[in-house]
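The structure appears below as structure tokens.
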Amino acid sequence: MRDQWQNPDPFLEGAKLFGRYLALCVTGALLGGVAWGLLMWMAIQLNWVWLKGPSEGEDPPLLNKYCGLTLAAFLVGGAVGAIVDERRHRASSGYGDGDRAAARDEAVGD
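Residue numbers for the sequence shown follow this note's numbering, so the first one is 1104 and each next one is one higher.
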């Protein structure tokens, strides 16, 4: 039982990590979409011509131009946040300390 705790199944750990990354990326994309939608709604309501375009019938040029880039930026930000979070989690939980403890026990002769 102690060996299983110190050396968890790599497939299971990878699946957990992938799920965490995916959840953060999807959350980032959803938040980015909501923020972008609110910005475009405000541009239309407040008649921000510089943001929404020259005429009422056209789609806002920034929406057409930068929506994909905005969502991609939120996806990348979510992935980077997940990586940083995972590294911090591993550092605080002592993940990987089992190998060091085993090497220390062998050196001491325990």
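For every residue, glycine included, the Cβ atom is placed at its ideal position computed from N, Cα and C.
Residue interval of the alpha helix (DSSP H) (run including L1149): As a first step, residue 1149 is located in the sequence shown; it is residue number 46 there, counting from the start. Note, L1149: premise wrong, no alpha helix (DSSP H); not H, not E.
Backbone secondary structure at D1188 - three-state DSSP: Within the sequence shown, numbered from 1, the residue matching residue 1188 stands at position 85. DSSP places D1188 in helix when its eight states are reduced to three.
Sequence-distant residues of the same chain with beta carbon closer than 7 angstroms to G1184, five excluded per side: Position 81 of the sequence shown, counted from the start, is the residue given in the question as residue 1184. L1127, listed in sequence order.
Pair within 8 angstroms by beta-carbon distance, L1178 and G1131: Reading the sequence shown from its first residue, position 75 is the one you call residue 1178. Reading the sequence shown from its first residue, position 28 is the one you call residue 1131. Contact: yes.
Euclidean distance between Cα positions of M1143 and D1112: Locating residue 1143 in the sequence shown gives position 40, counting from the first residue. Locating residue 1112 in the sequence shown gives position 9, counting from the first residue. Rounded to whole angstroms, M1143 to D1112 spans 47 angstroms at the Cα level.
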